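Residue numbers (UniProt numbering): 1 to 155.
Take a look at the structure:
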């Protein structure tokens, strides 16, 4: 048969107002385990201290935290993967379709500018060299400007 015996802690056996003769040697726990330990806390790294705290968190909560972290990591990886693939498709589409379009548009603008310059030279050459002898050059320039829809210059 098992007999239970109540053991009182030494701390509670003392009177609350009692003074100890040797305060330097007094500790709450006077166990031999803590006195004989050769553990040096200065050699412990932050990671080791954090790892030692795992026993504070219950296993069920640790499992939930690990599953949540894994789920978040997987979702982040999926988003990053999709984003990278999308960026690749958009970039290659711009390079294959946008660059040739921009080059051809620029070329069309150059052809239009060259045609406008040719027409201006042609009309300027006709004014200076051709036409009736009785009309002055200023009248010809005024007629050319009026034909283009611009006002006649004041002389």
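Don't be surprised by glycine CBs; every beta carbon is placed ideally from N, CA and C. The structure displayed is predicted, hence computed values, not measured ones.
DSSP three-state label for residue 56, please.
Position 56 of the chain shown, counted from the first residue, corresponds to residue 56. Looking at residue 56 - three-state DSSP - the assignment turns out to be coil, as it is neither helix nor strand.
Distance CB(residue 62)-CB(residue 54) smaller than 8 Å
Translated into the one-based positions of the chain shown, residue 62 becomes position 62. Translated into the one-based positions of the chain shown, residue 54 becomes position 54. A contact, by the Cβ cut-off of 8 Å.
Contacting residues, own chain, Cβ-Cβ under 6 Å from residue 121 (five flanking each side not counted)
Taking the first residue of the chain shown as position 1, residue 121 is located at position 121. Short of 6 Å from the beta carbon of residue 121, and not among the five residues preceding or following it, lies no beta carbon of its own chain.
Helix, strand or coil: which one does DSSP assign to residue 48?
As a first step, residue 48 is located in the chain shown; it is residue number 48 there, counting from the start. If DSSP states are grouped into helix, strand and coil, residue 48 belongs with the helices.
Where does residue 79 sit, in a helix, a strand or coil, going by DSSP?
Mapped onto the chain shown, residue 79 falls at position 79. If DSSP states are grouped into helix, strand and coil, residue 79 belongs with the helices.
Between residue 92 and residue 113, what straight-line distance do the alpha-carbon atoms span, to the nearest angstrom?
Reading the chain shown from its first residue, position 92 is the one you call residue 92. Reading the chain shown from its first residue, position 113 is the one you call residue 113. Between the alpha carbons of residue 92 and residue 113 lies a distance of about 31 Å.
Secondary structure at residue 2, three-state DSSP: helix, strand or coil?
Taking the chain shown and counting its residues from 1, the one referred to as residue 2 is at position 2. Coil.
Nearest-angstrom Cα distance between residue 68 and residue 88?
As a working mapping, residue 68 is identified with position 68 in the chain shown. As a working mapping, residue 88 is identified with position 88 in the chain shown. Taking the straight line from one Cα to the other gives about 30 Å.
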